[in-house]
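Q:
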Amino acid sequence: CGFPPFYGDNDNQMFRKIKAGQYKFLSPYWDPISADAKEFVSKLLTVDWQKRMDAQQALDHRWLKDGKQASTHNLFEGNAMAMSRNTPPNPDSPKEVEAEPMEGEGAGMKDIFADYQLDRQLDRATSNINRLRETFGLPSDSERLGKFKCAYSGQAGILHVTTYHLCFLGAKARKMTIPYGDITTVGMQAKKGGLKALLPFAAPAISLNVGLKNNGSATFTGIVEKDACLKSIVAAAKERGVTLG
Numbered sequence: 001c002g003f004p005p006f007y008g009d010n011d012n013q014m015f016r017k018i019k020a021g022q023y024k025f026l027s028p029y030w031d032p033i034s035a036d037a038k039e040f041v042s043k044l045l046t047v048d049w050q051k052r053m054d055a056q057q058a059l060d061h062r063w064l065k066d067g068k069q070a071s072t073h074n075l076f077e078g079n080a081m082a083m084s085r086n087t088p089p090n091p092d093s094p095k096e097v098e099a100e101p102m103e104g105e106g107a108g109m110k111d112i113f114a115d116y117q118l119d120r121q122l123d124r125a126t127s128n129i130n131r132l133r134e135t136f137g138l139p140s141d142s143e144r145l146g147k148f149k150c151a152y153s154g155q156a157g158i159l160h161v162t163t164y165h166l167c168f169l170g171a172k173a174r175k176m177t178i179p180y181g182d183i184t185t186v187g188m189q190a191k192k193g194g195l196k197a198l199l200p201f202a203a204p205a206i207s208l209n210v211g212l213k214n215n216g217s218a219t220f221t222g223i224v225e226k227d228a229c230l231k232s233i234v235a236a237a238k239e240r241g242v243t244l245g
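Everything in the sequence shown is counted per the working numbering, starting at 1 for the first residue and increasing by one.
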C-alpha cells in the first residue's frame, strides 16, 4: 500500500517492533490490498527463519504466480477513497497526492536499515572524543556536548554539538564544521506535506534551520530529539558568548 506495516514514534520503537515481528495492516490504508499480497508480506516478515519463506518459496507464491491479481491501479487513489468513507470531504484537499522523498521521517524500511548501517559507519569515525577531534580538526580541548541523527542536503548523518563548533558528518565522509561565531539564528520547523499529509499518525519531519553570516544558511532535517538538540546548540553558543535568535 506504499508504506511498511511497522510503526513507532522513534527509531528505537521501530527497531523493537521489527525484531519482534510486531506489525499490523492498518485500515483503511491496507484495505485495497489483496489477501494474497498480505499473506506474502506476512510470510516474509516471519521472525523465525525456519518458518520464513525462502527465495524460491517467495517466487512460487500464488500472489506472484497468479497473473489475474496483477494491477496497475493507483494504490494511493484507493487509500484516498477508503479514507473518504470515514472522513468528511475537505474542499481544500488536493485531488491528487504525489509521493515525496520521505527525508528523515523514518517511515521506509529501506531508510530504517540504511540508518542502522550508517550509525555503525559513523560511530567508527567519531566513537570517542579523540576520533571526533581528528575527524573535524577540532581544538584539543573541544568536547562533545551532544549528537543527533539528521540529514543534510539529502544525505543522512550525525550532527555533533561540540564546545566550539557545530559539526555534521554524513555518508561518504561528507563533513561540515560551523563555528558558533558564524551562526546568527537557529530554530526548528516542522515540514509540511510528505508522509504526514497521507498518514495523520506519522511523526512530522523536523528541520533545524541554522542562519549564518552573509545571509547564508544550513538546514538539517529529520531530527527526532528536536528540543534537546536546540537546547544543546543554544547553550554551547552562549558559552562562547554568542546569543542566538
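The beta-carbon is built from N, C-alpha and C at its ideal position, and this holds for glycine as well.
Less than 8 Å between the CB atoms is what I'm expecting for Lys231 and Asp182, so what's the real figure, rounded?
A: 20 Å between Cβ atoms; not a contact.
Q: Nearest to Phe208 by alpha carbon, out of Ala151, Thr177, Phe25?
A: Note that residue 208 corresponds to Leu in the displayed sequence, not to Phe. Nearest C-alpha to Leu208: Ala151.
Q: Between the Cα of His216 and the Cα atoms of Ile206, Thr184, Ser142, Gly157, which residue gives the shortest distance?
A: The question names His, but residue 216 in the sequence shown is Gly. Checking every option, the nearest Cα to that of Gly216 belongs to Thr184.
Q: Which of the three DSSP states is assigned to Tyr29 in this structure?
A: Tyr29: coil per DSSP, three-state reduction.
Q: To the nearest angstrom, how far is it from the Cα of Ala236 to the Cα of Tyr180?
A: Going by the C-alpha atoms only, they are around 8 Å apart.
Q: Measure from the alpha carbon of Val210 to the alpha carbon of each residue in Leu166, Val224, Lys238, Ala171, then state which is nearest.
A: Out of Leu166, Val224, Lys238, Ala171, Leu166 has the C-alpha closest to the C-alpha of Val210.
Q: Let me know the beta strand (DSSP E) ranges lying completely inside the region 140-224, each 3 residues or longer, listed in chain order.
A: Listed in chain order, the complete beta strand (DSSP E) runs (minimum 3 residues) inside the region 140-224 are 144-152, 155-162, 165-170, 175-179, 183-190, 206-212, 217-221.
Q: Between Ile233 and Val161, which are expected to be in contact by the criterion C-beta below 8 Å, what is the C-beta distance as a whole number of angstroms?
A: Right, the Cβ-Cβ distance comes to about 6 Å (below 8 Å), so this counts as a contact.
Q: As a quick exercise: from Ile158, Asn12, Ile178, Glu239, pick the residue whose alpha carbon is nearest that of Ala218.
A: Closest option to Ala218, Cα to Cα, is Ile178.
Q: What separation, rounded to the nearest whole angstrom, lies between the Cα atoms of Lys19 and Arg131?
A: Straight-line Cα distance between these residues: approximately 31 Å.
Q: Arg133 lies in the alpha helix (DSSP H); which residues open and close that run?
A: 129-136 is the span of the alpha helix (DSSP H), which, as asked, contains Arg133.
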